[in-house]
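Novice: Heads up, my numbering is the position in the sequence shown plus 330, with the first residue counted as 1.
By construction, the Cβ of each residue, glycine as well, lies at the ideal position given by its N, Cα and C atoms.
Pasting a structure below so you can have a look.
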Amino acid sequence: MADQRVLILDFGSQYTQLIARRVRQLRVYCEIHPHNITAAQVEAWQPSAIILSGGPASVYGEGAPGLDKAIVERNMPILGICYGQQLLTHMLGGKVIPSNDREYGRASVTRTRATAGKADRLLHAFNAGDPFEVWMSHGDRIEALPNDFVSIASTESTPFAAIAHVSKSIFGLQFHPEVAHTPRGIQILEAFLFDIADLKPDWTMGSFLDAQVKKLRADIPKDAKVICALSGGV
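If you want it as structure tokens, here you go:
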């Protein structure tokens, strides 16, 4: 049985720590792990949902960071952001190509579907046809979606700004919902965490610290010496 926590897989994005901060602000516990985690390790950690970060690589580039496909096949909610979206597309049979012009900066995205199916849950707070502002930062683009995926939002130059599987809880965003330049990005993260992954906003740093102190007291012998390395920037 999955625990009430989110696994964030890091593909080298400058915003990975910010994703974690946003999730924790929504009172959900999360941890960041490297992208090369195995499916067995994920199974042992028992997350309720997975978020794939962005990154500077190209999915078709030599040595591009990948993902154990068995993780995607675990039938749990997954949200791919930027490179994470492109990687999901590439892994599942879609096509990602270099873009003629790197898209960096603000963009206007429009929800393109108005139905109430599984694929539409991520953007249910947005009215179809009404544009909302997001932050883009990518050099590649999706040219063709994998089977059973649909576009749920687009821009003038990006037809697949947001995508979703028609029956599974797998979603991808070409933009960054975690940054301040996407003002309504927090609503997208809320939809993923609470409506799709069915998590509860009941985690606090205080409860986490209490649990960790209790665990340390149980694990460390009474006469042992403990060294704490603390960063003031945390």
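Work out the CA separation of I401 and M331 for me, nearest whole Å.
Specialist: Below a pLDDT of 50, predicted positions are generally treated as unreliable, and M331, at 46, falls in that range; the measurement from the model is reported next regardless. Spanning the two alpha carbons is a distance of roughly 16 Å.
Novice: Which residues in the same chain have their Cβ closer than 8 Å to the Cβ of S378, if we skip the five residues on either side of it in sequence?
Specialist: A332, D333, Q334, R335, V336, M406, P407, A527, D528, L529
Novice: Can you grab the Cα-Cα spacing for the pair K544 / L475, in whole Å?
Specialist: 48 Å
Novice: Grab the span of the alpha helix (DSSP H) containing H495 for me, first residue to last.
Specialist: Run containing H495: none in the alpha helix (DSSP H); it sits in the beta strand (DSSP E), 492-495.
Novice: Where does H454 fall in DSSP's three states?
Specialist: coil
Novice: Within the continuous beta strand (DSSP E) that includes L422, where are the two ends?
Specialist: From DSSP, L422 is part of no beta strand (DSSP E); its letter is neither H nor E.
Novice: Mind checking whether W533 and H506 have CB atoms under 8 Å apart?
Specialist: Going by C-beta atoms, W533 is not nearer than 8 Å to H506.
Novice: If you follow the beta strand (DSSP E) that L337 is part of, which residue opens it and which one closes it?
Specialist: 335-340
Novice: Under a three-way DSSP split, which group does T440 fall into?
Specialist: T440: strand per DSSP, three-state reduction.
Novice: Which value, in whole angstroms, describes the spacing of the CA atoms of S537 and V358?
Specialist: 12 Å
Novice: How would you call Y390, buried or exposed, if buried means at least 16 neighbouring beta carbons within 10 angstroms?
Specialist: Looking at its Cβ environment, which holds fewer than 16 other Cβ atoms inside 10 Å, Y390 is exposed.
Novice: Please identify the residue among K552, A449, P461, E486 whose C-alpha is closest to the C-alpha of A521.
Specialist: Ranked by Cα distance from A521, the options K552, A449, P461, E486 are led by A449.
Novice: Which class does R547 belong to by DSSP, given the choice of helix, strand or coil?
Specialist: helix
Novice: According to the neighbour-count rule (16 or more other Cβ atoms, all chains shown, within 10 Å of its Cβ), is V439 buried or exposed?
Specialist: buried
Novice: Count the other CB atoms, across all protein chains shown, that sit within 10 Å of the CB of Y345; report buried if there are 16 or more and exposed otherwise.
Specialist: buried
Novice: Would the beta-carbon of S499 fall within 8 Å of that of A491?
Specialist: no
Novice: For T368, is the classification buried or exposed, using 16 other Cβ atoms within 10 angstroms of its Cβ as the cut-off for buried?
Specialist: exposed
Novice: State the DSSP-derived secondary structure class of W533, mapped to helix, strand or coil.
Specialist: coil
Novice: For P364, which beta-bridge partners are listed by DSSP?
Specialist: D340
Novice: Take R354 and list the residues in its own chain whose beta-carbon comes closer than 8 Å to its own, dropping the five residues that flank it on each side.
Specialist: C360, W533, M535
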